[in-house]
Amino acid sequence: MTDGLALHQVGVRFGGLTALDDVSLQVGPGEVVGVIGPNGAGKTTLFNVVCGFVTAHTGTLTLDGRPLRPRPHRLTRLGIARTLQGTGLFAGLTVLENVMTGATHTARAGLLPALLGLPRSDRDERRMREHARTVLDELGIAQHADAAPDTLPFAVRQRVALARALAARPRLLLLDEPAGGLGADDVDNLAELIRTLPHRSTDPCAVLLVEHHMDLVMAVCDRIVVLDFGRVVAAGPPEAVREDPAVVDAYLGATVDEAA
1 MTDGLALHQV GVRFGGLTAL DDVSLQVGPG EVVGVIGPNG AGKTTLFNVV CGFVTAHTGT
61 LTLDGRPLRP RPHRLTRLGI ARTLQGTGLF AGLTVLENVM TGATHTARAG LLPALLGLPR
121 SDRDERRMRE HARTVLDELG IAQHADAAPD TLPFAVRQRV ALARALAARP RLLLLDEPAG
181 GLGADDVDNL AELIRTLPHR STDPCAVLLV EHHMDLVMAV CDRIVVLDFG RVVAAGPPEA
241 VREDPAVVDA YLGATVDEAA
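Structure (structure tokens):
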């Protein structure tokens, strides 16, 4: 596979601690790939490597077959967006304005025209505002466009955070525990939404998902990678991971059996 994201034998150390050890995985166009494992398994470190917050000591990253050297401030320009645990929304902005911040890298005018209020920056703002409204409508939360985020239920705020990431028009979306704090019905709605992301009529995106909610992972992922102490101990489609005795004993247990 050359298209999409690929990590090959990636290793990360923090002093004497090995956080990732010889980790390889791929996320191709149209795929939803899940990463699971216990706390401390290396899931967050893996995300941080892809985002450029942590530098791999060994191995390589590629995006569409080209070497990937991510930097956090250039991530969206590479076609990658990430949601955070919690929401990370700006309390002083409306829902619409929060979503617009996800598309700032698409502005053509630059900083000086924006500061001077030149027509080019006005066109940028109108375009970003229209795009943000389209994404809010797609996610079913357009009615909250003018609301302050902290006045909304947590499940709605989670959708706003997802809308902000999608406003960046990513080709790869990194979802960091998006089901955290959600009730059962909201998790079901989230699963339905995630399944649609690679097949959107405009701006479809592959998904790399880190999540503890096993029902969600099993429902939406095409493939699952299991980490333990920074190493890949299993990988494959959900059915194969579900039936792996070591994985079931160590990570999934009765949760998956009950969901089956």
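To convert, note that position 118 of the sequence shown is 118 in UniProt numbering; the numbers rise steadily by one, no gaps.
Beta carbons are placed, not taken as given, at the ideal position from N, Cα and C, and that holds for glycine.
Let's see if you can read the secondary structure: which residues bound the alpha helix (DSSP H) around residue i?
i      : result
Thr101 : Val95 to Thr101
Leu46  : Lys43 to Cys51
Go through its chain and collect everything with a Cβ distance to residue i's Cβ below 8 angstroms, but skip five positions before and after it.
i      : result
Pro67  : Thr60 and Leu61
Cys51  : Pro70, Pro72, Leu75, Ile80, Arg82 and Leu174
His199 : Gly30
Ile141 : Val95, Val156, Arg159, Val160 and Ala163
Ala91  : Ala148, Pro149 and Asp150
Gln9   : Asp22, Val23, Ser24, Thr58, Gly59 and Thr60
Leu152 : Val95, His144 and Val160
Can you tell me where the beta strand (DSSP E) holding residue i begins and where it ends?
i      : result
Phe14  : Leu5 to Phe14
Leu25  : Leu17 to Val27
Gly34  : Val32 to Ile36
Ala91  : That residue, Ala91, is in no beta strand (DSSP E); it is neither H nor E in DSSP.
Arg82  : Ile80 to Arg82
Gly140 : Premise fails: Gly140 is in no beta strand (DSSP E) and is neither H nor E.
Gly59  : Thr58 to Leu63
Are the Cβ atoms of residue i and residue j separated by less than 8 angstroms?
i           : j      : result
Val135      : His144 : no
Leu197      : Val187 : no
Ala132      : Val160 : no
Arg223      : Glu31  : yes
Leu216      : Gly42  : no
Glu211      : Ala179 : yes
Asp146      : Thr202 : no
Arg129      : His105 : no
Leu20       : Thr45  : yes
Val23       : Val232 : yes
residue 283 : Ala240 : Since the first residue shown for the chain is 1 and the last is 260, residue 283 is missing from the structure and cannot be characterised.
Asp150      : Gln85  : no
Met218      : Pro238 : yes
Only counting the same chain, and skipping five residues up and downstream in sequence, which positions put a Cβ closer than 7 angstroms to that of residue i?
i           : result
His57       : Gly11, Val12 and Arg13
residue 262 : Residue 262 cannot be examined here, being either before or after the span of the chain that is shown, 1 to 260.
Ala37       : In the sequence under discussion, the amino acid at residue 37 is Gly, which differs from the Ala named in the question. Only Lys43, Val226, Leu227, Asp228 and Tyr251 meet the Cβ criterion.
Gly181      : Phe154
Glu97       : none
Can you give me the Cβ contacts of residue i inside the same chain, cut-off strictly under 6 angstroms, excluding the 5 residues immediately before and after it?
i      : result
Leu5   : Val27, Leu63 and Leu172
Leu25  : Leu7 and Val225
Thr18  : Gly230
Ala184 : none
Ala246 : none
Leu116 : Here Leu116 scores only 47 on pLDDT, less than 50, and its place in the model should not be relied on; the value that follows carries that caveat. Nothing meets the Cβ criterion.
Val220 : Val32, Ala191, Ile194 and Arg195
Val35  : Lys43, Val210 and Val225
Ala235 : Val225
Asn48  : Val54
Pro204 : Pro198
Asp244 : Ala234
Q. Taking only runs of the alpha helix (DSSP H) that begin and end inside the segment 166 to 247, which ones reach a length of at least 4 residues, in chain order?
A. Counting whole runs of 4 or more residues, the segment 166 to 247 contains the alpha helix (DSSP H) stretches 184 to 196, 214 to 220 and 238 to 243.
Q. Between the segment 81 to 89 and the segment 160 to 178, do at least 3 Cβ pairs fall closer than 8 angstroms?
A. yes
Q: Mind the definition here: the segment 177 to 191 touches the segment 10 to 27 only if three or more C-beta pairs lie below 8 angstroms; say whether that holds.
A: With a cut-off of 8 angstroms, the segment 10 to 27 and the segment 177 to 191 do not count as touching, because too few Cβ pairs lie within range.
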